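Residue numbers (full-length UniProt numbering), protein chains in the order written: chain A, 1 to 96; chain B, 1 to 96; chain C, 1 to 96; chain D, 1 to 96; chain E, 1 to 96; chain F, 1 to 96; chain G, 1 to 96; chain H, 1 to 96; chain I, 1 to 96; chain J, 1 to 96.
Glycine included, every Cβ here is placed at the ideal spot set by N, Cα and C.
Since the structure is predicted, the reported quantities are computational estimates derived from the model, not experimental observations.
Number of protein chains: 10
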Amino acid sequence: MLFHVEMTVNLPPDMDSAKAASLKAEEKAMAQRLQREGIWRHLWRIAGRYANVSIFDVESPAQLHDLLSQLPLFPYMDVQARALCRHPSSIHDDDR
Amino acid sequence: MLFHVEMTVNLPPDMDSAKAASLKAEEKAMAQRLQREGIWRHLWRIAGRYANVSIFDVESPAQLHDLLSQLPLFPYMDVQARALCRHPSSIHDDDR
Amino acid sequence: MLFHVEMTVNLPPDMDSAKAASLKAEEKAMAQRLQREGIWRHLWRIAGRYANVSIFDVESPAQLHDLLSQLPLFPYMDVQARALCRHPSSIHDDDR
Amino acid sequence: MLFHVEMTVNLPPDMDSAKAASLKAEEKAMAQRLQREGIWRHLWRIAGRYANVSIFDVESPAQLHDLLSQLPLFPYMDVQARALCRHPSSIHDDDR
Amino acid sequence: MLFHVEMTVNLPPDMDSAKAASLKAEEKAMAQRLQREGIWRHLWRIAGRYANVSIFDVESPAQLHDLLSQLPLFPYMDVQARALCRHPSSIHDDDR
Amino acid sequence: MLFHVEMTVNLPPDMDSAKAASLKAEEKAMAQRLQREGIWRHLWRIAGRYANVSIFDVESPAQLHDLLSQLPLFPYMDVQARALCRHPSSIHDDDR
Amino acid sequence: MLFHVEMTVNLPPDMDSAKAASLKAEEKAMAQRLQREGIWRHLWRIAGRYANVSIFDVESPAQLHDLLSQLPLFPYMDVQARALCRHPSSIHDDDR
Amino acid sequence: MLFHVEMTVNLPPDMDSAKAASLKAEEKAMAQRLQREGIWRHLWRIAGRYANVSIFDVESPAQLHDLLSQLPLFPYMDVQARALCRHPSSIHDDDR
Amino acid sequence: MLFHVEMTVNLPPDMDSAKAASLKAEEKAMAQRLQREGIWRHLWRIAGRYANVSIFDVESPAQLHDLLSQLPLFPYMDVQARALCRHPSSIHDDDR
Amino acid sequence: MLFHVEMTVNLPPDMDSAKAASLKAEEKAMAQRLQREGIWRHLWRIAGRYANVSIFDVESPAQLHDLLSQLPLFPYMDVQARALCRHPSSIHDDDR
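Quick look at the structure:
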């Protein structure tokens with residue numbers, strides 16, 4: 001099932017730069033692994049903000065929560081997740 | 001360029017049912033034409049609400065506005081549009 | 001899967017009383033049928049408001065949306081749906 | 001009487017990990033004790049957020065407040081409590 | 001138990017004046033009866049607004065809801081109810 | 001004249017516990033003195049929150065401000081004060 | 001005592017123009033009478049909005065409420081009133 | 001002096017189309033006259049909304065208010081005006 | 001021209017008391033100088049809050065900004081400024 | 001294409017003054033370079049706030065994001081970007 005997830009990242013500006021770089025690298029690795037697995041289906045940057053809009057394709061709300069809460073930047077994020085469903089006017093088979 | 005568009009529809013509950021059906025049919029036809037043309041790239045229903053989340057792929061903000069404002073349900077909608085850009089962690093070529 | 005749904009009803013105060021009574025009776029019948037089927041798992045009134053908090057147990061976000069949008073009072077409701085998942089501290093097997 | 005309680009936890013990301021683990025363990029123990037006593041009737045995680053929705057069955061608002069304010073994570077929580085009452089369409093005897 | 005109730009009245013300015021007067025008279029009668037019965041313990045006007053702050057002393061959230069929803073002006077009100085409990089610094093026996 | 005005052009306390013969770021205890025003891029002493037003097041007429045805890053709803057009976061807005069700003073916890077509070085006046089439906093002489 | 005009052009007027013655009021003109025003329029007459037009496041001490045237009053910021057000098061919150069609720073446009077207004085008091089840095093004797 | 005003005009237009013969807021067309025034509029004529037006079041310095045559409053962002057160059061807040069309140073669509077608009085001033089980093093002489 | 005300015009001060013509760021006293025003394029001195037010069041025309045305390053409502057009479061938005069941003073407490077303030085203009089119902093010549 | 005960007009700067013009041021001065025100088029240099037290049041088309045201060053309203057003329061949302069996120073003060077900013085398009089009533093060729 002699909003979820004629309006919006007993540008806003010609030011890193012403290014005075015965070016140690018090595019720690020920040022490390023967190024971001026781990027975040028990127030996990031995000032790319034989940035994309036390769038077909039779970040993190042889309043990932044876009046919102047222009048002008050340290051934030052993204054994502055589409056997740058998961059087996060359950062529990063799987064969604066587990067994945068999001070394991071993200072290295074999760075403790076610094078505000079996350080909003082909303083369930084999506086097929087729109088009656090959609091012609092795309094995978095806009096489930 | 002991509003835009004994230006969220007549309008919430010507020011049809012008056014006492015609208016004439018024939019008029020409502022006609023508006024919805026015209027809306028659906030235009031939405032499907034724009035999907036076939038590759039402009040309205042994704043269209044999802046937000047579970048539990050008369051609202052959708054959409055991704056538009058347009059040539060300019062002007063094209064986006066022209067299309068949205070020509071939707072038959074536009075006078076009844078609250079619309080929020082935000083520009084998207086490629087996320088540095090995305091591995092999908094078309095998550096531009 | 002479980003969803004937390006909050007519905008606020010905004011009936012126009014001057015609605016024809018027969019129509020209002022009819023809508024409410026149909027709403028009640030559908031709500032009770034869905035409770036008997038185990039889908040509408042909990043239904044509580046929020047004290048002081050024409051609103052409820054409900055727990056739905058559905059097979060998909062699509063099923064949730066279909067059911068909610070078929071409620072006779074749906075055109076008069078503001079609805080917020082959020083996906084729930086099992087809490088690591090829960091001891092109740094059915095607080096999935 | 002029943003209360004709908006929504007708790008959002010805001011632990012500082014840089015909290016000492018041993019202290020955080022200790023607080024969470026104490027929180028879990030108290031939550032499970034209150035569930036066994038029938039007071040904390042339901043406990044669900046909101047997917048994607050460090051937050052829960054709970055149903056408390058207490059003897060008074062005072063008891064509710066005492067319990068919530070004794071939670072080890074209470075100083076880090078934003079809590080919203082709303083009184084529930086039986087919905088006229090409910091068929092469940094314990095949705096009081 | 002005590003509830004803090006805030007009611008904001010939104011009468012349509014073009015309501016028939018006889019109907020408005022009748023509704024207000026019935027509202028006043030019911031409010032005064034509930035005060036005499038000790039249920040509607042306090043009733044204050046918020047200066048400058050067609051709104052009040054009230055303290056209700058009821059046996060249950062269900063009683064509170066029944067009373068509020070029977071108020072003649074209820075269909076025109078926005079109502080917020082919050083449960084109160086004794087404050088540890090209070091010296092007044094009836095600020096329960 | 002009467003004021004409806006809502007105070008929400010935001011003590012830092014890591015405040016030195018002796019300092020916190022001292023501030024709370026001084027706050028309680030001042031609150032009880034003002035209650036004995038008839039100025040702080042009512043004091044209730046909002047169930048589930050480190051917050052109170054109070055009714056002050058003061059000679060002027062200046063007196064209200066002086067008292068509130070001298071509260072030991074004032075620097076940690078968010079305070080909202082609204083003037084009350086007699087409601088035309090009140091039957092209580094002291095709901096002035 | 002002084003109150004800071006902000007009034008936003010929401011006249012229906014399709015109100016009968018003679019009725020609107022009449023309401024506005026009565027409003028103006030009452031506003032000017034109250035200014036002459038020293039009660040409505042200041043009256044400013046907020047640039048760009050059908051709204052005003054006013055300073056009232058009244059004997060009590062009750063007087064404030066009586067005056068505001070008698071304004072011909074009151075049924076069409078959103079009103080916010082806040083009590084003012086002398087600022088310790090003020091050098092103006094009448095900024096009480 | 002410069003003002004940043006944001007106007008959102010809320011025309012009723014069922015307004016008579018001839019009346020709507022007439023209002024819009026008058027609005028356009030006045031907007032273009034003010035642009036030619038150098039007063040309405042910039043006028044942009046916000047993509048996806050029936051709204052605009054404008055920069056006005058006026059002699060006083062009073063002139064701004066007079067112009068805005070004379071716009072034919074003013075009764076249907078929500079308007080927010082904020083004063084601008086020269087930014088210390090600006091290199092444009094007319095970004096006063 | 002007149003501006004309505006609302007300033008809310010957020011001093012950290014643990015600020016060094018000598019530094020706080022010094023900042024406040026400088027703020028007071030500057031506020032009183034500007035009052036004597038006729039620029040800071042009114043200054044009121046909002047009852048119950050560490051906040052003020054002020055009326056400034058300045059030559060331009062630039063002068064307003066320069067003065068506000070030079071206030072010693074400016075880095076700790078949330079400031080909202082709105083331009084005022086003469087109200088057609090005002091009888092006071094200096095309510096410009 | 002044009003974007004309307006509003007930036008609010010939240011520098012910690014206790015930031016080292018040399019560091020703050022350095023950040024501001026770098027910010028100014030980059031802002032002026034982008035103005036000279038025709039990208040940062042307008043830059044205004046919002047009177048009374050440490051905030052600006054800007055108009056950017058960029059080739060893509062990606063370019064906008066890259067520029068904004070490279071601003072030295074970006075980690076301390078809240079940024080809102082909205083796409084603009086030509087208004088049908090505009091007479092200015094470059095109000096694209």
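In angstroms with no decimal places, state the Cα-to-Cα distance between residue 80(H) and residue 18(G).
Walking along the eighth sequence from the start, residue 80(H) turns up at place 80. Walking along the seventh sequence from the start, residue 18(G) turns up at place 18. Roughly 28 angstroms between the two C-alpha positions.
Just how far apart, CA to CA, sit residue 42(B) and residue 59(J)?
The count along the second sequence starts at 1 and reaches residue 42(B) at position 42. The count along the tenth sequence starts at 1 and reaches residue 59(J) at position 59. Answer to the nearest angstrom: the Cα atoms are 24 angstroms apart.
If the cut is a Cβ gap below 8 angstroms, which residues of chain E does residue 75(D) touch?
Here residue 75(D) refers to the residue found at position 75 of the fourth sequence. Around residue 75(D), no beta-carbon contact reaches into chain E at under 8 angstroms, the shortest distance being about 17 angstroms.
How big is the Cα-Cα spacing for residue 4(F) and residue 29(G)?
If you number the sixth sequence from 1, residue 4(F) lands on position 4. If you number the seventh sequence from 1, residue 29(G) lands on position 29. Those two C-alpha atoms are separated by around 33 angstroms.
What are the boundary residues of the beta strand (DSSP E) that residue 42(C) is part of?
Working through the third sequence from its first residue, we reach residue 42(C) at position 42. 40 to 46 is the span of the beta strand (DSSP E), which, as asked, contains residue 42(C).
For residue 61(A), which residues in chain C fall below 8 angstroms Cβ to Cβ?
Position 61 of the first sequence, counted from the start, is the residue given in the question as residue 61(A). By Cβ distance, chain C contributes 1, 2, 83, 84 and 85.
State the CB to CB distance for the pair residue 67(G) and residue 34(G), rounded to an integer number of angstroms; the pair is presumed to be in contact (CB under 8 angstroms).
Translated into the one-based positions of the seventh sequence, residue 67(G) becomes position 67. Translated into the one-based positions of the seventh sequence, residue 34(G) becomes position 34. With a Cβ gap of about 7 angstroms, residue 67(G) and residue 34(G) count as contacting.
Counting only beta-carbon separations shorter than 8 angstroms, does residue 79(E) have a partner in chain C?
On the fifth sequence, position 79 is the one that residue 79(E) refers to. Closer than 8 angstroms: yes.
How about residue 42(C): is its C-beta nearer than 8 angstroms to some C-beta of chain A?
Taking the first residue of the third sequence as 1, we reach residue 42(C) at position 42. Residue 42(C) has a beta carbon lying at 8 angstroms or more from every beta carbon in chain A.
So for residue 27(H), helix, strand or coil by DSSP?
By one-based count along the eighth sequence, residue 27(H) stands at place 27. Three-state DSSP puts residue 27(H) in a helix.
Out of 70(D), 1(D), 40(D) and 76(D), which one is the CA nearest neighbour of residue 11(D)?
By one-based count along the fourth sequence, residue 11(D) stands at place 11. Considering only alpha carbons, the answer is 76(D).
Let me check one thing: in DSSP terms, what residues is residue 80(D) bridge-paired to?
Working through the fourth sequence from its first residue, we reach residue 80(D) at position 80. 6(D).
Quick one: list the residues of chain I neighbouring residue 95(G), beta-carbon separation under 7 angstroms, in chain order.
Here residue 95(G) corresponds to residue number 95 of the seventh sequence, with the count starting at 1. Going along chain I in sequence order, the residues near residue 95(G) (Cβ under 7 angstroms) are 42, 43 and 44.
Determine the direct distance from the alpha carbon of residue 13(I) to that of residue 20(F), and round the result to whole angstroms.
For the purposes of this step, residue 20(F) is identified with residue 20 of the sixth sequence, where counting begins at 1. For the purposes of this step, residue 13(I) is identified with residue 13 of the ninth sequence, where counting begins at 1. When rounded, the distance between both Cα atoms is 13 angstroms.
Under the three-state reduction of DSSP, which class applies to residue 49(I): helix, strand or coil?
Locating residue 49(I) in the ninth sequence gives position 49, where the first residue counts as 1. Coil at residue 49(I), not helix or strand.
With a threshold of 8 angstroms between beta-carbons, can residue 71(I) be considered close to chain J, or not?
Within the ninth sequence, residue 71(I) is the residue found at index 71, counting from 1. Taking Cβ atoms only, chain J never reaches closer than 8 angstroms to residue 71(I), which makes this a no.
In the DSSP assignment, the alpha helix (DSSP H) including residue 61(C) goes from what residue to what residue?
Indexing the third sequence from 1 puts residue 61(C) at position 61. Here the alpha helix (DSSP H) through residue 61(C) covers 61 to 70.
Measure the alpha-carbon distance for residue 44(D) versus residue 95(C) and round it to whole angstroms.
The residue given as residue 44(D) occupies position 44 in the fourth sequence. The residue given as residue 95(C) occupies position 95 in the third sequence. When rounded, the distance between both Cα atoms is 6 angstroms.
Report the three-state DSSP secondary structure of residue 17(G) (helix, strand or coil).
As a working mapping, residue 17(G) is identified with position 17 in the seventh sequence. Correct three-state label for residue 17(G): helix.
Chain I within 8 angstroms of residue 92(H), Cβ atoms only:
Residue mapping note: residue 92(H) aligns to position 92 of the eighth sequence, counting from 1. Not an interface residue.
Leaving aside the five residues before and after residue 72(D) along the sequence, list all residues of the same chain whose C-beta is less than 6 angstroms from its C-beta, in chain order.
Here residue 72(D) refers to the residue found at position 72 when the fourth sequence is read from its first residue. So the qualifying residues of the chain are 23, 26 and 27.
Going along chain E in order, which residues have a C-beta closer than 8 angstroms to the C-beta of residue 47(F)?
Residue 47(F) sits at position 47 when you count from the first residue of the sixth sequence. Within chain E, the residues near residue 47(F) are 82, 83, 84 and 85.
Take residue 53(F) as the anchor and find which of 50(E), 82(E), 15(E) and 93(E) has the nearest alpha-carbon.
Translated into the one-based positions of the sixth sequence, residue 53(F) becomes position 53. Measuring from the Cα of residue 53(F), the nearest candidate turns out to be 82(E).
Give me the DSSP bridge partner(s) of residue 57(B).
As a working note, residue 57(B) is residue 57 in the second sequence. BP columns for residue 57(B) point to 2(B).
Among 88(J), 74(J) and 61(J), whose alpha-carbon lies nearest the alpha-carbon of residue 8(J)?
Locating residue 8(J) in the tenth sequence gives position 8, counting from the first residue. Residue 74(J) is the option with its Cα nearest to residue 8(J).
Of the residues 63(A), 89(A), 93(A) and 49(A), which one's Cα is nearest the Cα of residue 78(A)?
The sequence position of residue 78(A) within the first sequence is 78, counting from 1. Minimum Cα distance to residue 78(A) is reached at 49(A).
For the region 11 to 34 of chain C, which residues have a CB atom closer than 8 angstroms to at least one CB atom of chain E, in sequence order?
11 and 13
Beta-carbon proximity check, residue 57(C) vs residue 39(C), cutoff 8 angstroms:
As a first step, residue 57(C) is located in the third sequence; it is residue number 57 there, counting from the start. As a first step, residue 39(C) is located in the third sequence; it is residue number 39 there, counting from the start. The answer is yes: Cβ separation under 8 angstroms.
Establish whether the CB of residue 5(D) and some CB of chain F are separated by less than 8 angstroms.
Residue numbering aside, residue 5(D) sits at position 5 when the fourth sequence is read from its first letter. Interface residue, yes.
If you compare alpha carbons, which of 6(C), 2(C) and 36(C) is closest to residue 93(D)?
What you label residue 93(D) is simply residue 93 of the fourth sequence in a count that begins at 1. For residue 93(D), the nearest C-alpha among the options comes from 36(C).
Using the beta-carbon count (16 or more within 10 Å), is residue 61(I) buried or exposed?
On the ninth sequence, position 61 is the one that residue 61(I) refers to. So residue 61(I) counts as buried.
Bridge partner(s) assigned by DSSP for residue 86(G)
Counting from 1 along the seventh sequence, the entry for residue 86(G) is found at position 86. According to DSSP, which records beta bridges pairwise, residue 86(G) is partnered with 44(I).
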